[in-house]
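Chains as they are written, first to last, in our numbering: chain A, 948 to 1185; chain B, 948 to 1185.
All remarks here apply to the structure that follows.
Protein chains: 2
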Amino acid sequence: MNATPLIGVLGGMGPLATVDFLHKVVASTPASRDQDHVPMLVWNVPQIPDRQKALAGAGESPLPAMRHGIERLNQSGATRIVIACNTAHLWADALAEASAAPLIHIADAAIAAVERQGKPGGPIGIVATRGTLDSGMYQKRLAAKGLLFLTNTGEEIDALFTPGCYAIKQNRLDEGGALLESAARRLVERGARALILACTEVPVGLAHARSDLLPISVDPTQALADACIQYWLETRPA
Amino acid sequence: MNATPLIGVLGGMGPLATVDFLHKVVASTPASRDQDHVPMLVWNVPQIPDRQKALAGAGESPLPAMRHGIERLNQSGATRIVIACNTAHLWADALAEASAAPLIHIADAAIAAVERQGKPGGPIGIVATRGTLDSGMYQKRLAAKGLLFLTNTGEEIDALFTPGCYAIKQNRLDEGGALLESAARRLVERGARALILACTEVPVGLAHARSDLLPISVDPTQALADACIQYWLETRPA
């Protein structure tokens, strides 16, 4: 007997981004009644050491707290694991190893969405934390498809991206939205013809700012939601 | 040693209402970083038999599926249980009995919010499912405070309220919002001076419709979110 499908969500990084992810799953599911929606168990426990600080060597590792969440999700019957945070995917290998349920990687889902959109007429801008950029998780996958990319400078990350992210986490959406919009716009000014909003705070901020960059953007949160829905539609009991 | 606080959320009834509840918790929490937010574990598994049909004698009981969710939340360390659905509270006694973690009852949270608003200049309209109304869970609590109330007629429930609820569950927000708004407006036309939106689909629908009834409304979903935040602020480790 196959186990009943259950998406285990490691959330809380940040909490609003997790809610945004869940909303995207529900809003994008073809459903005529409650029972048609995707079954999810959400470990939305934000008491995880700061990922950006840990990567900068300025704080304790988030891995034990994340692994604890993954274990709880597995114990409760999760059949797939998703992590509603790009930066946390730096620990994806260690977490996948600690999980009986396979991980759906957010960058795989995002690159599949890029491919569905067709080739852009120029490089793809990646808006992400320093940790996500340093890992190369997006660059490697784009390069493998023969796609060009560009990223924010260190100055732009410090002045626009990072304070924008933290403002969203503090529920200061006007300020956070404007800062993250500016970070994304710099890439377009340097020639980006498409964007990957590769930090879960960014789509939240750009949606709040009603940004005109959204139509050329791929939202990995939405792509991950779509991958969860596809899994559910393929595996749900008849 | 006290257990680490963890709010266990029995969700999925309906899925969008659960996301709305989680959003209200995050948006209302005083937070300067991820780690300040309320730790929650969300059993958002909508494969629970239809509550309204079960109460009408036309379907199987939702209790076993709800009890299963409550057990999983307890096993994973929940220290309080909340149910993001008013109608499901008809089974609140049986669920509280199956739970080591105490239940924060949505109607208790809502009545506390009514009291914080002060006495309205007339009766309070209760917008709710037939099941919630038949249980008297809101009427009993209002009567105990000496407050008058009124409710929709059976015809209004059949023509406006119930189809409005199901439309929201199907992601048809324009239609659902308009129907639920009309159900609420009938109560105001009959003299209600305040409203309790005692079904989790109703605040979602009225917010989508940008209803001018929201300023005189108490939202039990928001009240339950506030009760969770208060619990977290009182019990969080120093």
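Every residue gets a Cβ at the ideal spot worked out from N, C-alpha and C, and that includes glycine.
Check	Outcome
If you follow the alpha helix (DSSP H) that A:R998 is part of, which residue opens it and which one closes it?	R998 to L1002
Using a Cβ cut-off of 8 angstroms, pull out every chain A residue sitting near B:L988, in sequence order please.	L988, V989, W990, N991, V992 and R1019
Hey, how far is the Cα of B:A1246 from the Cα of A:Q1117?	A query on residue 1246 of chain B cannot be resolved here, the shown segment of chain B reaching from 948 to 1185 and no further.
Within 10 angstroms of its Cβ, does B:Q1022 collect 16 or more other Cβ (buried), or is it exposed?	exposed
Report the rounded CA-to-CA distance for A:T951 versus B:A1139, giving the unit in angstroms.	46 angstroms
Is it buried or exposed for A:G1188, if we count other Cβ within 10 angstroms and need 16 for buried?	With chain A covering 948 to 1185 only, the question about residue 1188 of chain A has no answer from this structure.
Curious, which full-length alpha helix (DSSP H) runs of at least 4 residues does the segment 1107-1135 of chain A contain?	1109-1116
Opposite A:G1072 in the DSSP bridges: which residues?	A:L1097 and A:L1142
Looking at B:T1026: is its Cβ nearer than 8 angstroms to the Cβ of B:L1095?	no
Does DSSP put A:M1084 in a helix, in a strand, or in coil?	helix
Give the interface partners of B:V1029 over in chain A, defined as CB-CB distance under 8 angstroms, in chain order.	The contacting residues do not exist; B:V1029 stays about 13 angstroms from chain A at best.
Tell me the DSSP secondary structure of B:M987 in three-state form.	strand
Could you tell me the alpha carbon to alpha carbon distance between A:V972 and A:A1172, rounded to whole angstroms?	5 angstroms
How is A:L1161 classed by DSSP in three states: helix, strand or coil?	helix
How would you list, in chain order, the residues of chain B whose beta-carbon sits under 8 angstroms from the beta-carbon of A:H984?	G959, G961, P962 and P993
Give a yes or no on whether 8 angstroms exceeds the smallest Cβ distance from A:R1157 to chain B.	no
Thinking B:H984 and B:A978 are a contact (beta carbons under 8 angstroms), I'd like their distance in whole angstroms, please.	5 angstroms
Please compile the residues from chain B whose C-beta is within a distance smaller than 8 angstroms of the C-beta of A:V966.	V966, L969, H970 and V973
List the residues of chain A whose Cβ lies closer than 7 angstroms to the Cβ of B:S1008, in chain order.	Correct list: empty, because the minimum Cβ distance to chain A is about 15 angstroms.
With DSSP as the reference, label A:V956 as helix, strand or coil.	strand
Helix, strand or coil: how does DSSP classify A:I1028 here?	strand
What are the boundary residues of the alpha helix (DSSP H) that includes A:L1050?	Unbroken run through A:L1050: none, as it is neither H nor E.
So, helix, strand or coil for A:V1151, using DSSP?	helix
In terms of alpha-carbon separation, which member of B:D981, B:V956 and B:A1059 lies closest to B:R1019?	B:V956
Would you call the segment 1066-1085 of chain B and the segment 989-996 of chain B touching, i.e. three or more CB-CB distances under 8 angstroms?	no
Check whether the segment 961-968 of chain A and the segment 1143-1155 of chain A are in contact - that is, three or more C-beta pairs closer than 8 angstroms.	yes
By Cβ distance below 6 angstroms, which residues in the same chain neighbour B:M948 in space, the five residues on each side in sequence not counted?	In this predicted model, B:M948 has a pLDDT of only 41, less than 50, meaning its place in the structure is not dependable; the value taken from the coordinates is given anyway. Once the five neighbours on either side are set aside, B:M948 has no close Cβ partner at all.
Quick check: the Cα distance between A:E1103 and A:P1011, rounded to an integer number of angstroms?	31 angstroms
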